[in-house]
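**Student:**
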Amino acid sequence: MAQLLREALFAAACQSLMYHAQIKLDQIASPNNPHWTDRERAFMVRQLRFRDLFQGRQNPGGSD
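Note that my numbering gives residue 149 to position 14 of the sequence shown, counting from 1, and the numbers run on in steps of one.
#1: Which residues mark the beginning and the end of the alpha helix (DSSP H) in which Ile200 is found?
#2: DSSP state of Met179, grouped into three classes?
#3: Quick one, are the C-beta atoms of Ala164 and Met179 less than 8 Å apart?
#4: If we ignore side chains and look at the alpha-carbon of each, how far apart do Ile158 and Arg186 end up?
#5: Excluding sequence positions up to five away, which residues of its chain have a Cβ less than 8 Å from the Cβ of Ala143?
As structure tokens, then:
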């Protein structure tokens, strides 16, 4: 799969595309989205707390 993606992105039509190896989850999806299920929302909150703890923030999951 990864090889197919690399080959597709190498095509001339895709040369102007910009991509990143990793993107923070909250940059592409909000944990406050009303369309999420309770389970999905809880997952988002846990991931944000883990990221904050990993980055050494004083108030994980809250506003600094």
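Ideal placement from N, C-alpha and C gives every residue a C-beta, glycine not left out. Here the structure is a predicted model, which means the values were calculated and not measured.
**Tutor:** Reading off the structure:
#1: Coverage of the chain is limited to positions 136 through 199, which leaves residue 200 absent and any answer about it impossible.
#2: helix
#3: yes
#4: 12 Å
#5: Cys149
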